[in-house]
Each structure stands twice: as structure tokens, then as C-alpha cells.
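> Sharing a structure here in C-alpha cells format.
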Amino acid sequence: MPAFRFNLNGRAQRIETEADRPLLEVLREDLGLIGVRYGCGEGQCRACTVLLDGRPVPSCVTPVRLAEGKSVLTVEGLAVNGKLHPVQQAFLEEGALQCGYCTSGMMLTAVALLKTTPNPTEQQVAEGMNNNLCRCCCYPSIVTAVRLAARLSAMNTQGVGHAG
Amino acid sequence: MPDRTEWIASVEPERYELREPLRYEFHCDRRVFLQCAGAGLLISVFARTLDAQRGAAPASSAGRIHLGEDGFVTVLSGKVEEGQGPRTEFAAATAEELRLPVEKVRVVLADTQLVPNDWLTAGSRSTPVTVPLVRRAAAEARALLLATAAERWKVDASSFQINAGFVKSPDGKLTLGYADLAKSGGDPTGRPAELTPTAAWKTLGQPLVRVNAHDIITGAHAYPSGIQRPGMLYGCVLRPPSYGATLESVDLNAAKQMTGVVALRDGEFVACAAPTSYTARKAVAALAANARWQTKPQISSDELYAHLKKPDGDRQPQVQQSGSVQSGLQQASKKLTASYHIPYVAHSPMEPRTAVAEWTNGSLTVWTGTSNPFEVREDLAKSFHVDPSKVRVIVPDFGGGFGGKHTGEAALEAARLAKEAGKPVSLRWTRAEEFMWGYFRPAGVIDIEAGLDANGRLSAWDFTNYNSGPSAIASPYKLENTRTRFVYADSPLRSGSYRGLAATANNFARESFMDELSSAAGKDPLEFRLAHLENGRLRDVLLAAAERFGWQKRRKESKPNSGVGLACGTEKGSYVAACVEVELDRASGIPRLVEICEAFECGPVLNAKNLRLQVEGCILMGLGAALREEILFENGRLKNGSFTRYRVPRFKDTPKIETVLVERKDLEPAGAGETPIMAVAPAMANAIFAITGEPLRALPLRAKSGKGDSGSASIR
Ligand code: FES
Ligand code: FES
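Here it is in C-alpha cells:
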């Protein structure tokens, strides 16, 4: 079986597996990263979002071979040494979740959004996150949380850390 | 599994039984070692009358509150957490009654081996039914602490104050806390302890973020689909190509020759398990390629509404009447009729049905996302011919249900596969399976006929719901001559509960028709409603929403292609009213919700943070069904069984939302996860009626120029 190498949450990772397996399933089933979630497998809900070289991608329709040589960031890699990422802190403070199943994907999309748009308006958040579904419909509080994260990041002199 | 209507029949009475005053009994078991909480004192509380009526084993066999020797208190409940907030509510209720910080309370939910059976998590009953049980048990522990301290230090119990879970001796030198009680034990005081009155609440009533939110935002929380067991395989099921199809033949060898694959057929159940989902899918694809099926003709969505009105068997309609509709119609100077169409909609929670099953020495453990853990345990026990005591169902907090996970299909399937494989199996349904093989909110036809007298008052009201259910079927308005009927029908698709059950459908029809009537009577919709409304709580929310929205003024403004509408309703002891502004795209007939102001009242507010989330969530979920959710089917297949085709609300659909929480501290709390959904669609329909002058009588809402069915109507 072919082997693939990528950087996973800051660490070198090597995995032997079928090249066309979805990255989502490799991360969950082989590497135990259960924070990456399946919602649809059709690229429509983004519960499975991971950052591939900093860009949010739906890992359910991303074959593992496309991760070769890249960096993969999952929700498990957001906090550094137990210190929450500003986006996590904001979601926690605002309580922007009900069942929380979409939250990982929401936060990773927000991390990428804040990198290109550090101080988004409500409308920019809605535009930038429209691919992500929350079936509990926490949209208003997620928008609030993302804008709070923008303020927390600005206050944080280290910016958004290694995730950014 | 009971179908929808049996479910209603078995649950509705329970709601009323549970509201009767209960006789509580308390038990303290000393020094119990609770698997999840270590050594301590276990306090049980149960209602004798209820258990006797039901003939069930008393719930007291499992404790409600555990005082740990480590100073932590554990509250146990058979309810599940799927996003509506009972976990946090129980933590707050326990902390409140024990005078403890919330951080000292652990909550164990829905593990059939550890917790009392609190039945199905549905019908907004966790708040009015389970919270009081939790509070009773916690209050009992508090009374025990006070009584023990009084005896130990020979002073009157009423002279003590509990501070952060401790009482101090009169000389201030000694303290006594729940951990001490856990070590030394104590006897129940014999009479029910007083619950803390609403006015004195310190923890209840506070806006709390979900107690396990930290585990969620770090990704650490294991949802059912995240449970991983040593040696676990992943399962995949061969589904029939269409509803009603039966299996003629399948050659399992196609899968069995693949490395690591377990393939099995048990009657109609055909499935594979493999070390990865990827391989399991490939194995099932190989079976699908050789499987032969016998199909049967099926009703399609085009024929749905005619089909639902055909008589079905000999089940008698549920009828309620007062006065005489006939004489009311005779007195009427105007008579109106309308027929409303409600399609099937899908719950589509973000986490599809999932279970992990593991057999050890003839005992079965299943982790699964279901709202009905004890029932699923029964189902498993029956299916595998084992005693229920050999089956343990654990429900980790799961990824949403909205009434769509009252069953345990994945649990049975995973257990069957795990038995065959001799290894734990995780089975997570795909999104397509969740759409096709779960169940739907029932479709329905609702016919209404009403009469208006010369003064513009309702003189008769005749309301018939075919198939979609009797929740909130009774009109909250003052009516002298009325008949409501719920008529059973043959539902072509499997259907079941949903957020608010049929309340949304019934309220959509009723509240839309109220606007047609007010228009026929030449009255403002708000005035017309108030003139027929005696229920003070409903009047209050209606007035609150109208005032905050600026109804009087905005109703008179005229903007092209935009209009305002309102609706109200009540169900499960809570009250809602919404005013909306809608913009209409005339070319397509598609509406857009610009703004909604919703007032909601559910007694005293237990957790304002969660309440807002629930109200907003209901509004937006209701918006989905109003705008575009509708299951289409043909030849036994779904035409839109995917997120690509079945479009649920997204960020950009979110309107300006204003939530007005009307608080009634003098009343008992009611649930809040359902009722706020029921005002959205009719308020929008009424706004569109105001724009076009043509009433809309079908969901999803499409004005005439667009495609879609707007029902049939006539004014005689
Ligand atoms: S699971 Fe990947 S987009 Fe839905
Ligand atoms: S919180 Fe449940 S799906 Fe977003």
C-alpha cells in the first residue's frame, strides 16, 4: 500500500493506506482524531472541515493522497499547550453551540476566515461561513462568536498562533 | 417500533399522568460504590403512584443523586443530551438545591446500567418533569445535611446556612459537607424537603454555557460516531434500492473474499464489517452489484395529498366538539373554507444515526444516539433473545435529533454485525441513508371551514387534520361552535415525531386561516385575534411581539414587494407569537424573511443563554420548512435525499432576529425546545398574503407566480 507523509497538527505523520480513502476517514479511523466529523460525505455541510496548508477543505471528499507533503490542521491542533485558540475561547464564552457536532468545522472555517478578514462584519461572517451547516441553527450566536474571536485575536499579541 | 400514531397515544397520557401531584419516596443507600462516581451515598426518589399505574419496575432501583466522598455530587438521569440543554439544566438544578457551585456537579445521562429510566427525551418534558425530580432528590440531600448537622451539634436545623456546600458548627470551628455525609450516611428525613422558591434562585435562572462545552470545542467529546473500541470494525449495510423492495438473492462471496471483511445475511438484513469504512463500503458495493430485488409500486409525492384523504382501515378519527358547527354556520353571514397541504420534512440532524456495539460473554453494550435508551435496550434484548439485564445502552451526548431519533435502527444493526464478527462494530449511517431510512415529520392535509357573523366574529370552526397529527389541534381562540378532527391515513412514508410534532402544521393552517378570516371581516389581524382571545398568556406574548415589532405602524406602511404578518400559538404549556417582515420575489414567487420578532413565554427562565439558543434555533428550523424543505419521492425513491438537493437553512438565510423573553416567575417552568417553531411559517404566509392578496395554503411557501401547489380554496 502506498505511504503518505504530511504534517498533522504540527507533527510529522506517515501513513500507509489506499490513496483514494477520504482524508476524513484516515484521520478518524486510523489516527483517532474524532473531532473531525462526518455530516454528509458530499461536500455540503463542512462538519468535516480541516485546514490543508491553511485553507479550509471538506475532508470527506478530499482523498488522503492530496494531503501528501502538506500541513493538516484539525480541531485537536487548535489549542497550543492547553491554551485555547481565540476562536475556541470565543465559541466557549459565547456558548455558540447546541449539539456541538458542527462546531469543529465552524471553528476551523472561522480560523481561515479571520486570517483573510481579521475584522469581519456580520455579513462577511455569514458570507464566509455559508458553506458550513449547523442543523441546530446556532447561526446568530456563531456570528457573534466569530466576531468576538476577531477581537480576542487582536488583543492577543501573538496573533492566532501556529494556526494562522 | 411503534409508528407515529401509537407513539402519540402512548405518550400523551403520560404527560398528563406526570402532571398529577406525585407521592415521592426517598431512599438512601449508604456507601454505595457507583461505577461512574466512586464511593458515596446514593439518594433515590420516585413516584409511587406513577409506577403502580404503569406496572413498571420502580425507578428507585437506580439512584438520582450521588454524594461522592470526593466532594463531587453526581446527578443521574435517563434523559439524553442532543443539544436542547438538559445536561446543564440538571447540573444547575442540583447545584441550586444543594447550594453548591455548578462545577461540583457531574451529570451522568442515559446509561441504562446506571441511571433511572426517565423514558423518552421528547415532548419538552425534561424541564417540567425531570427537573423537579432532580430538585426533589437534591433538596432531600440538603435536608439530610442540615438534619445531620443539627443532630451532631445539638442545635436547630433552621439555624444553619449552607455555604458552597458546607455548614459550620455554632462555634465556627467545625464544618460538615456532602462528602462527610457520603462517608457517614444518614436517613431520609421522612417528609419531602422544600424546593427553593423561584425568587431565591441563585444558579437556576443564570445564563449558563453548556457544562461540557469545553470538551466540544477541543474536539475531545466522543459522540456516538466517535466511540472507538479496541479491535473495532466498521459496518456498512446493503439497503434496498427503493421502499418496499424485497431481496430475492445475493451472493455474499463477492464480499467474503475481500481481506478482513465479514459479510452476513439474516433475512432481509445484509451487511458487511471491515477494518475501515472504506473497505466495508467496497464490500457492500460488491454485494449490491449482484443482489436481485423484487420491487413493489409505491405512491409518489405527486399523488400524496389525494392519497392521504382516502379512508384508511377502520381506525376512527379523534373528534372533539362543543356547541354545534352546523348551527354556527347557519348563523354566519360569511362562510370560508380552505385546504392546506403539509409535506414530509426531514429532521436531518448533523450526526446521522450511529451505534457502536460490543458483545462480551453474552452481554451486549451499545453506544448510540437515541432519545429512547431504555426502549432501545428492550428492542435489543428482544431481538437477540437475551434478558434486558444483559444489555447496556449508553447514549453519549449526540449530534442532534429534533424528534428524529426516537428509534434504535443503527443499534440493532451494529449489534447484529458485532455478533457475527465477534468484534466491536461501529455503524454510522450515511447522509443518504439518514434521509431515506430514518423517518419524516408526517405530511398532512388540513381542511378548515369557518363562519363569521354580521359583527365579524367567528360563529363556527370546523377543523380536520388528515395524517399529520393532533398536537395543538385545538384552537386557542374563544369559539362556541367548534369541531376538530384528526383522521388517520395511510402514510406512504415512514413518519414519526419532530420538533413540535404536528403543532407546526396545525398552527400553520389555523393561523393562516385566521388572517383570511380577519380580512373577510375587514379587521386588522392583531385586533381580530385579540377579539377572540381570552388566554392571558397568549395575549401577553402576542402583544409583546406586536409592540416590540411596531406592528400598528408597520402594518400601515406600504413597501413594494414587502409586507408584514403575524401569528401566535401555544403547545406543551408554553406560548409564542411572531411578527415578521417578508420580501417577495414576484418573478419566482420565492419569499425571503427579512426580520422576525418573536416573543416567547415558558414560565420562569431556567437558563436564558440556552433559552435564546433554543428560540433562535426553532425560528430558523421553522424557516427551513417555510422556505423550501419538502421531501419529494417517486417509484419508492427520494428525489432529494441529500444536502445538495434538500436545502436546509444556512447562515445567509438568517434574518434580523429579535427575541422577547416574557418571563413568568410565578408559574412552573415548561420546556422551550419546540413551541417557538410554530409561529414562523404562518406569520410568513400572512405577510405574503398581505403583499399579494392571495392566501398561501401549502408549505413550503411559494407565491402564485412561482411553482408549487398553493392548495385549493373557495369562498362561498
Ligand atoms: S461531511 Fe464533509 S462536507 Fe459534509
Ligand atoms: S450545534 Fe448542532 S449542528 Fe451545530
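Residue numbers (my numbering), protein chains in the order written: chain D, 1 to 164; chain A, 1 to 716.
Glycine is no exception: its CB is placed at the ideal position from the N, C-alpha and C atoms.
Just so you know, these numbers come straight off a predicted model, no measurement behind them.
#1: Given 6 Å as the limit, tell me if residue 43 of chain D has its C-beta closer than that to any heavy atom belonging to ligand 1.
#2: When you compare the CB of residue 102 of chain A with every CB in chain D, is at least one pair closer than 7 Å?
#3: For a cutoff of 7 Å on Cβ pairs, would you count residue 13 of chain D as touching chain A?
#4: Apart from the five residues just before and just after residue 126 of chain A, which ones in its own chain have a Cβ nearer than 6 Å to its Cβ?
#5: Is the distance from the Cβ of residue 90 of chain D to the Cβ of residue 148 of chain D below 7 Å?
#6: Indicate whether at least one CB of chain D lies closer than 7 Å to the CB of residue 276 of chain A.
#7: Under the three-state reduction of DSSP, which class applies to residue 540 of chain A: helix, strand or coil?
#8: Residues of the region 125-146 of chain D in Cβ contact with chain A at a cutoff of 9 Å, in chain order, please.
#9: Counting Cβ pairs closer than 8 Å, one from the region 66-73 of chain D and one from the region 314-328 of chain A, do we hit at least three?
#10: Taking the beta strand (DSSP E) that residue 334 of chain A belongs to, which residues open and close that run?
#11: With a threshold of 16 other CB atoms inside 10 Å of the CB of residue 382 of chain A, please say whether the residue is buried or exposed.
#12: Going along the chain, which residues of its own chain have a beta-carbon closer than 7 Å to the beta-carbon of residue 19 of chain D, five neighbours each way excluded?
#13: Could you check the C-alpha separation between residue 93 of chain A and residue 146 of chain A for me, to the nearest Å?
#14: Grouping DSSP H, G and I as helix and E and B as strand, with all else coil, what is residue 51 of chain A?
#15: So, is the C-beta of residue 48 of chain D closer than 7 Å to a C-beta in chain A?
#16: Sorted by chain position, which residues of the same chain lie with C-beta nearer than 7 Å to residue 521 of chain A's C-beta, five sequence neighbours on each side aside?
#17: Extract the residue ranges of the beta strand (DSSP E) inside the region 429-509 of chain A, only unbroken runs of 3 or more that lie entirely within it.
#18: Report the residues of the region 387-420 of chain A with a CB closer than 9 Å to any CB of chain D, ordered along the chain.
#19: So what does DSSP say about residue 56 of chain D, is it helix, strand or coil?
#20: Which partner residues of residue 29 of chain D appear in the DSSP bridge assignment?
#21: Just verifying my parser: in three-state terms, what is the DSSP assignment at residue 419 of chain A?
#22: Would you say the beta carbon of residue 38 of chain D is closer than 6 Å to some non-hydrogen atom of ligand 1?
#23: From which residue to which residue does the alpha helix (DSSP H) around residue 663 of chain A run?
#24: So what's residue 299 of chain A in DSSP terms, helix, strand or just coil?
#25: Can you list, in chain order, the residues of its chain whose CB lies under 8 Å from that of residue 8 of chain A, leaving out five sequence neighbours each side?
#26: Quick check: residue 100 of chain D and residue 75 of chain D, are their CB atoms within less than 7 Å of each other?
#27: Compare the Cα-Cα distances from residue 135 of chain A to each of A:548, A:544, A:185, A:77 and report the closest residue.
#28: What separation, rounded to the nearest whole angstrom, lies between the Cα atoms of residue 42 of chain A and residue 429 of chain A?
#29: Tell me whether residue 707 of chain A is buried or exposed, calling it buried when 16 or more other Cβ atoms sit within 10 Å of its Cβ.
#30: Strictly by DSSP, which residues pair up with residue 66 of chain A?
#31: Is any heavy atom in ligand 2 found nearer than 6 Å to the beta carbon of residue 650 of chain A?
#32: Report buried or exposed for residue 98 of chain D, applying the criterion of at least 16 other Cβ atoms within 10 angstroms of its Cβ.
#33: Taking 8 Å as the limit between beta carbons, can you name the residues of its chain near residue 558 of chain A, skipping five residues before and five after?
#34: Quick one, which residues of the region 68-88 of chain D are near chain A if we go by CB-CB under 8 Å, in chain order?
#35: Kindly indicate the opening and closing residues of the beta strand (DSSP E) around residue 294 of chain A.
#36: Taking C-beta pairs closer than 7 Å, name the residues in chain D that residue 214 of chain A reaches, listed in chain order.
In terms of the structure at hand:
#1: Yes - ligand 1 has a heavy atom lying nearer than 6 Å to the Cβ of residue 43 of chain D.
#2: Answer no: the Cβ-Cβ gap between residue 102 of chain A and chain D never drops below 7 Å.
#3: With 7 Å as the cut-off, residue 13 of chain D does not count as an interface residue toward chain A.
#4: Only 79, 86 meet the Cβ criterion.
#5: yes
#6: yes
#7: Residue 540 of chain A falls in the helix class under three-state DSSP.
#8: 125, 126, 127, 128, 129, 130, 131, 132, 133, 134, 135, 136, 137, 138, 139, 140, 141, 142, 143
#9: no
#10: In the DSSP annotation of this structure, the continuous segment of the beta strand (DSSP E) that includes residue 334 of chain A starts and ends at 334-342.
#11: So residue 382 of chain A counts as exposed.
#12: 2, 63, 64, 65
#13: 19 Å
#14: Summary for residue 51 of chain A: the model assigns pLDDT 42, below 50, so the residue's position carries little reliability; its value from the coordinates is reported in the next sentence. Assigned with DSSP and collapsed to three states, residue 51 of chain A falls in helix.
#15: no
#16: 452, 456, 528
#17: Runs of beta strand (DSSP E) with 3 or more residues, each lying fully within the region 429-509 of chain A, are found at 444-452, 458-466, 482-487, listed in chain order.
#18: 397, 398, 399, 400, 401, 402
#19: strand
#20: DSSP lists no partner for residue 29 of chain D.
#21: helix
#22: Result yes, Cβ under 6 Å from ligand 1.
#23: Per DSSP, residue 663 of chain A lies in no alpha helix (DSSP H) segment and is marked neither H nor E.
#24: coil
#25: In this prediction, residue 8 of chain A has a pLDDT of 26, which is less than 50 and means its spatial position is unreliable; what the coordinates show is noted afterwards. Here the set comprises 469, 470, 471, 501.
#26: no
#27: Among A:548, A:544, A:185, A:77, the Cα nearest to that of residue 135 of chain A is on A:77.
#28: 38 Å
#29: Only weak support exists for where residue 707 of chain A lies, its pLDDT of 44 falling under 50; the value from the coordinates is given anyway. Burial call: exposed.
#30: A:42, A:74
#31: no
#32: Per the 10 Å Cβ criterion, buried.
#33: Excluding five sequence positions before and after residue 558 of chain A, none of the CB atoms of its chain fall closer than 8 Å to its own CB.
#34: Near chain A, meaning a CB-to-CB distance below 8 Å, the residues of the region 68-88 of chain D are 74, 75, 76, 78, 79, 84, 88.
#35: 292-294
#36: 92
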